[in-house]
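Residue numbers (our numbering): 53 to 192. Structure, as C-alpha cells:
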Ligand SMILES: Cc1cc2nc3c(=O)[nH]c(=O)nc-3n(C[C@H](O)[C@H](O)[C@H](O)COP(=O)(O)OP(=O)(O)OC[C@H]3O[C@@H](n4cnc5c(N)ncnc54)[C@H](O)[C@@H]3O)c2cc1C
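Quick look at the structure:
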C-alpha cells in the first residue's frame, strides 16, 4: 500500500487504497471500509526516536523488517491522527542478530518474577526483574 484515498482531500470517508504491484500501480476500492493493519514502527529509527528519544540507531530491532511505520505515514498524509505511539517499548532480552528471545532471561517476565537476576555490564543487579519492559530496558 502506498496511498489511501478519501472522498475529499483530508475529509470524508476512506474509499480505497493504492498499491504498488509487480505489474504497476493499482487502486483497490473499499466496499465497506479500509482496516489498517500495517503494524508497528520499531524498524523506523527516525519515527521511533521522535517518540522516545533514547531509541536511537544504536539499538537494532528484533522486529520484522516490515515494521517501518509507513502505514502510519500514509494515513497521516490523508489526515489521520495517532495516539499512544510513545508507549513503544523495548525488551532487552532477545538476540539482536536473530530476534530469538533468551528463554532463561524471560522467565521473570512470563512468570513469577523470580529465579534469575538481571545484571548490567558491570555485573551489578540494576532492576527488579518483575518490572515493566521499559524499566528493565534501562540499565543505568
Ligand atoms: C522478538 C519479538 C517477540 C514477540 N513475542 C511476542 C509474544 O510472545 N506474544 C505476543 O503477544 N506478542 C509478541 N510480540 C509482539 C507481536 O509480534 C506484535 O505485537 C504483533 O505481531 C503485531 O501485529 P500486527 O498485525 O499489528 O503487525 P505486524 O505483525 O507488524 O504486521 C503488519 C504487516 O503489515 C505489513 N506492512 C507494513 N507496511 C505495509 C504497507 N505499506 N503495505 C502493505 N503491507 C505493509 C508488514 O510487512 C507486516 O507483514 C513479539 C514481537 C517481537 C519483535
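All C-beta atoms, glycine included, are put in the ideal place defined by N, C-alpha and C.
DSSP three-state label for residue i, please.
i: residue 131; result: coil
If you compare alpha carbons, which of the options is closest to residue i?
i: residue 189; options: 90, 149, 140, 164; result: 140
i: residue 117; options: 126, 137, 177, 149; result: 149
i: residue 100; options: 185, 136, 71; result: 136
i: residue 59; options: 145, 88, 77, 131; result: 131
i: residue 61; options: 129, 184, 168; result: 129
i: residue 181; options: 158, 133, 122, 113; result: 158
i: residue 56; options: 122, 172, 109; result: 122
i: residue 186; options: 142, 173, 84, 169; result: 142
i: residue 125; options: 108, 77, 98; result: 98
i: residue 70; options: 120, 173, 82; result: 82
i: residue 77; options: 170, 177, 53; result: 53
i: residue 89; options: 172, 171, 127; result: 127
i: residue 144; options: 63, 183, 66, 73; result: 183
Give the range of the alpha helix (DSSP H) segment to which residue i is assigned.
i: residue 102; result: 97 to 103
i: residue 138; result: No alpha helix (DSSP H) contains residue 138, which DSSP labels as neither H nor E.
i: residue 93; result: Residue 93 -> no alpha helix (DSSP H), and no H or E assigned at all.
i: residue 161; result: 159 to 162
The beta strand (DSSP E) that contains residue i, what's its start and end?
i: residue 58; result: 55 to 60
i: residue 80; result: 76 to 81
i: residue 187; result: Note, residue 187: premise wrong, no beta strand (DSSP E); alpha helix (DSSP H) at 185 to 188.
i: residue 69; result: 63 to 73
Using the beta-carbon count (16 or more within 10 Å), is residue i buried or exposed?
i: residue 160; result: buried
i: residue 94; result: buried
i: residue 96; result: buried
i: residue 92; result: buried
i: residue 80; result: exposed
i: residue 134; result: exposed
i: residue 113; result: buried
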